[in-house]
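Just below is one structure, and these are the notes that go with it.
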Amino acid sequence: MSTYVQEETWDREKMRDLQWERLKTTIERVYENVPFYRTAFQEAQIEPESIQSLEDLQRLPFTQKHHLREHYPFDLIATPIEEVVRFHGSSGTSGKPTVVAYTQQDIDHWADIVARCIYMAGGRPGDILHNAYGYGLFTGGLGLHYGSERLGCATVPISGGNTSRQITLIQDFKPRVICATPSYLLNIGETMKEMAIDPTTTSLKYAILGAEPWSEEMRDYIEQLFDIKALDIYGLSEIIGPGVAMECPEGQDGLHIAEDHFLVEVIDPETLQPVAEGEDGELVFTSLTKEALPIIRYRTGDIASITREQCVCGRTTTKMSRVKGRIDDMLIIRGVNVFPSEIERYVLQMEALSSHYQIHLSKKGVMDHAVLHVEVSESFFDSIPGQDLKHPLAQDLVKDIQHTLKEQALVTMDVQLNAPNTIPRSEGKAKRIVDQRKASVAQT
Ligand SMILES: [Zn+2]
């Protein structure tokens, strides 16, 4: 394998030609095989033949999460069920689960895409790769697993949880690459410290982290904690799973989209119109090669921007910014919009605080009320006489945090200091928001 996979350095015209060929096939496939799309196209008075260019894609209707739920389990599948070799799905915490399906060719493409991501991050054939993403219906574990094997890495399928065992295997197997959610890798690193193991002394060189929004400050923190390169991977099951986009270590300022397989758009979530390059909006993806579950203009709910400027690494593919947050997770606190990852930035900048926080939401009358629960670091806790979080020193810290949030993020919120190790640790996706709004309404 050369430094790049060929398609990553194609000139843009060549990539557009390939995308157009593949888009035509995808549109024909869904029109012929999926009644949901045929009906949606007909309602919009669009024949597949009238789509004549990549730009015409914008005339097609969007697909949203609720469409997947409404057609649960198999009604969006474009192949006979006999051709499906794998299902994945969401947990369905907010209603019915969603199911996604893959043919053997889909699995092969996905493995190729993820192998390319691991290679981009710095992984090489022969490396040992420790995969701490959850295995199961969630796409993280098996997505990275097949890509790792495809690249030729010796893969440790440990999944999430059982942190002390993870640490033993990292010490014994000496992996060069680790894959996890950022919050879980943080948990592993801090648990190492508690066990008097210096995380910077492990064999790990590269971390591939994703499945939850995280901040640049969290990256810095993890890189220092382990003396490692921490790189962002993006994906969602509705599009394929992890691997839709991957950050290169040379640039570390955006994720290269696998444009030979996925077509990206960025829209204003209110007007649904495209936004200019570089402007934040909602990411929308169309799959270009999927057989079992092709998807047209899927609204991801993820907020990011894109750029087509060539990257310092030499790749020519479109890059997306780090995801700033999900539309669903955006908090509106006294009229100000803010994502949890923005709060995280300020928490990580303050030395007196640990990196563990949660935002609790409740109702005060008709208004949303937000309280930032954050742990003070051990050293600060030790410096408070009697370790009393009501002590004036602690109260000064609360004022300091409130002032920073007000000045920097323009949000006014209450702050509650917690003793070290009192906020639940992540073993997969971190729980940043504790929403008690329905409960507090019921009480009033
Ligand atoms: Zn790059």
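The sequence shown maps to residues 3 to 446 in my numbering. Beta carbons: idealized from backbone N, C-alpha and C, even for Gly. The structure displayed is predicted, hence computed values, not measured ones.
Ignore the nearest five residues each way along the sequence and tell me which others in Tyr208's own chain have a CB closer than 6 Å to its CB.
Reading the sequence shown from its first residue, position 206 is the one you call residue 208. Ala123, Gly124, Val179 and Lys231.
Neighbour-count burial assignment, Gln445, 16 or more Cβ in a 10 Å radius
Translated into positions along the sequence shown, residue 445 becomes position 443. The predicted position of Gln445 is uncertain, since its pLDDT is 43 and thus under 50; a value taken from the coordinates is nonetheless stated next. Classification of Gln445: exposed, given that the 10 Å Cβ count is below 16.
beta-carbon Ser14 near ligand 1 non-hydrogen atom, thresh 6 Å:
Numbered from its first residue, the sequence shown carries residue 14 at position 12. The question names Ser, but residue 14 is Arg in the sequence shown. Arg14 Cβ: outside cutoff for every heavy atom of ligand 1.
In terms of residue numbering, what span does the beta strand (DSSP E) encompassing Thr41 cover?
Numbered from 1 along the sequence shown, position 39 holds the residue referred to as residue 41. No beta strand (DSSP E) holds Thr41; the alpha helix (DSSP H) holding it covers Pro37 to Glu45.
Buried or exposed, going by whether 16 or more other CB atoms sit within 10 Å of the CB of Thr27?
As a first step, residue 27 must be located in the sequence shown, where it is residue number 25. Per the 10 Å Cβ criterion, exposed.
Considering only their Cβ atoms, is the gap separating Pro422 from Glu380 smaller than 7 Å?
Within the sequence shown, numbered from 1, the residue matching residue 380 stands at position 378. Within the sequence shown, numbered from 1, the residue matching residue 422 stands at position 420. A contact, by the Cβ cut-off of 7 Å.
Candidates Tyr348, Ile361, Gln275 and Val266: closest to Leu56 by CA position
Locating residue 56 in the sequence shown gives position 54, counting from the first residue. The shortest Cα separation from Leu56 among Tyr348, Ile361, Gln275 and Val266 belongs to Val266.
So for Ile172, helix, strand or coil by DSSP?
The sequence position of residue 172 within the sequence shown is 170, counting from 1. Looking at Ile172 - three-state DSSP - the assignment turns out to be helix.
With DSSP run on the structure shown, which of helix, strand or coil describes Asn164?
If you number the sequence shown from 1, residue 164 lands on position 162. Correct three-state label for Asn164: coil.
With hydrogens ignored, establish whether the beta-carbon of Gly327 is closer than 6 Å to any heavy atom of ligand 1.
Walking along the sequence shown from the start, residue 327 turns up at place 325. Incorrect: Gly327 has no Cβ contact closer than 6 Å to ligand 1.
Please identify the residue among Phe264, Glu252, Met248 and Lys321 whose C-alpha is closest to the C-alpha of Glu279.
Residue 279 sits at position 277 when you count from the first residue of the sequence shown. It is Lys321 whose Cα lies nearest to the Cα of Glu279.
Gly283 in three-state terms, based on DSSP
Numbered from 1 along the sequence shown, position 281 holds the residue referred to as residue 283. Strand at Gly283.
Looking at ligand 1, does it come within less than 6 Å of Arg167, judged from the CB to the closest heavy atom?
By 1-based counting over the sequence shown, the position of residue 167 is 165. The beta carbon of Arg167 sits no closer than 6 Å to any heavy atom of ligand 1.
Should Arg317 be counted as a contact of ligand 1 given a C-beta to heavy atom distance under 6 Å?
Looking up residue 317 in the sequence shown gives position 315. Yes, since a heavy atom of ligand 1 falls inside the 6 Å radius drawn around the Cβ of Arg317.
List, from N- to C-terminal side, the alpha helix (DSSP H) runs of 4 residues or more that fit wholly inside the region 78-156.
The qualifying runs are 106-123 and 141-153.
Kindly list the residues whose CB is nearer than 6 Å to the CB of Arg118, restricted to its own chain and excluding five residues on each side of it in sequence; keep chain order.
Within the sequence shown, numbered from 1, the residue matching residue 118 stands at position 116. For Arg118, where only same-chain residues beyond five positions count, the Cβ hits under 6 Å are Val7.
Euclidean distance between Cα positions of Gln397 and Gln418
Here the question's residue 397 lines up with position 395 in the sequence shown. Here the question's residue 418 lines up with position 416 in the sequence shown. Cα to Cα, the separation comes out at about 10 Å.
Going straight from the alpha carbon of Val443 to that of Leu363, what length do you get?
Here residue 443 refers to the residue found at position 441 when the sequence shown is read from its first residue. Here residue 363 refers to the residue found at position 361 when the sequence shown is read from its first residue. Note that Val443 has pLDDT 49, beneath the 50 cutoff, so the model's placement of it is unreliable and the number below is only indicative. So the alpha carbons of these two residues sit roughly 12 Å apart.
What residues are listed by DSSP as bridge partners for Ile305?
Walking along the sequence shown from the start, residue 305 turns up at place 303. Beta-bridge partners assigned by DSSP to Ile305: Glu284 and Gly327.
At a cut-off of 6 Å, is Gly237 close to ligand 1 when judged by its beta-carbon and the heavy atoms of the ligand?
Counting from one through the sequence shown, the residue named residue 237 turns up at place 235. Result no, Cβ not under 6 Å from ligand 1.
Could you check if Ser289 is buried or exposed, using at least 16 other CB atoms within 10 Å of its CB as the buried criterion?
Against the sequence shown, residue 289 aligns to sequence position 287. With 16 or more other Cβ atoms within 10 Å, it is buried.
Count the other CB atoms within 10 Å of the CB of Arg336; is the residue buried (16 or more) or exposed (fewer)?
As a working mapping, residue 336 is identified with position 334 in the sequence shown. Exposed, since its Cβ has fewer than 16 Cβ neighbours within 10 Å.
According to DSSP, is Tyr359 part of a helix, a strand, or is it coil?
Numbered from 1 along the sequence shown, position 357 holds the residue referred to as residue 359. Three-state result, Tyr359: strand.
Could you give the distance in angstroms between the alpha-carbon of Leu59 and the alpha-carbon of Pro271?
The count along the sequence shown starts at 1 and reaches residue 59 at position 57. The count along the sequence shown starts at 1 and reaches residue 271 at position 269. Rounded to whole angstroms, Leu59 to Pro271 spans 17 Å at the Cα level.
Straight-line Cα distance separating Thr319 from Arg14:
Numbered from 1 along the sequence shown, position 12 holds the residue referred to as residue 14. Numbered from 1 along the sequence shown, position 317 holds the residue referred to as residue 319. So the two alpha carbons sit approximately 8 Å from each other.
Closer than 6 Å to a non-hydrogen atom of ligand 3 - does that hold for the CB of Cys119?
No copy of ligand 3 appears in this structure; the ligands present are ligand 1.
Taking Gly145 and Gly136 to be in contact with their CB atoms under 8 Å, please state how far apart those CB atoms are, rounded to whole angstroms.
For the purposes of this step, residue 145 is identified with residue 143 of the sequence shown, where counting begins at 1. For the purposes of this step, residue 136 is identified with residue 134 of the sequence shown, where counting begins at 1. Between Gly136 and Gly145 the Cβ distance is about 11 Å, and since that is not below 8 Å, they are no contact.
Taking three-plus beta-carbon pairs below 8 Å as touching, is the region 330-345 in contact with the region 98-114?
Output reads no: the region 98-114 does not touch the region 330-345.
So Leu171 and Tyr121 are in contact, right, with Cβ under 8 Å, and what is the actual spacing, rounded?
Translated into the one-based positions of the sequence shown, residue 171 becomes position 169. Translated into the one-based positions of the sequence shown, residue 121 becomes position 119. Contact check for Leu171 and Tyr121: beta-carbon distance about 23 Å, past the 8 Å limit, so the pair fails to qualify.
Taking a contact to mean a Cβ-Cβ separation below 7 Å, would you say Lys326 touches Ile305 in this structure?
Here residue 326 refers to the residue found at position 324 of the sequence shown. Here residue 305 refers to the residue found at position 303 of the sequence shown. Taking the C-beta atoms as reference points, Ile305 is found nearer than 7 Å to Lys326.
Kindly indicate which three-state DSSP category Pro244 falls into: helix, strand or coil?
On the sequence shown, residue 244 is found 242 positions in, with the first residue counted as 1. Correct three-state label for Pro244: strand.
Look at the Cβ atom of Gly212, then the Cβ atom of Ile235, and state whether they are nearer than 7 Å.
Translated into positions along the sequence shown, residue 212 becomes position 210. Translated into positions along the sequence shown, residue 235 becomes position 233. In this structure, Gly212 places its C-beta atom within 7 Å of the C-beta atom of Ile235.
List the endpoints of the continuous beta strand (DSSP E) containing Gly212.
As a first step, residue 212 is located in the sequence shown; it is residue number 210 there, counting from the start. In the DSSP annotation of this structure, the continuous segment of the beta strand (DSSP E) that includes Gly212 starts and ends at Tyr208 to Gly212.
Kindly indicate which residue of Glu240, Asn164, Pro244 and Gln275 has the alpha-carbon position closest to the one of Ala113.
Residue mapping note: residue 113 aligns to position 111 of the sequence shown, counting from 1. The residue with the shortest Cα to Cα distance from Ala113 is Pro244.
Whole-Å CB distance - Ser239 paired with Ser92, under 8 Å assumed
Along the sequence shown, one-based indexing puts residue 239 at 237. Along the sequence shown, one-based indexing puts residue 92 at 90. With a Cβ gap of about 6 Å, Ser239 and Ser92 count as contacting.
At a threshold of 6 Å, does Gly337 count as lining ligand 1 (C-beta to nearest heavy atom)?
Numbered from 1 along the sequence shown, position 335 holds the residue referred to as residue 337. No, ligand 1 has no heavy atom inside 6 Å of this Cβ.
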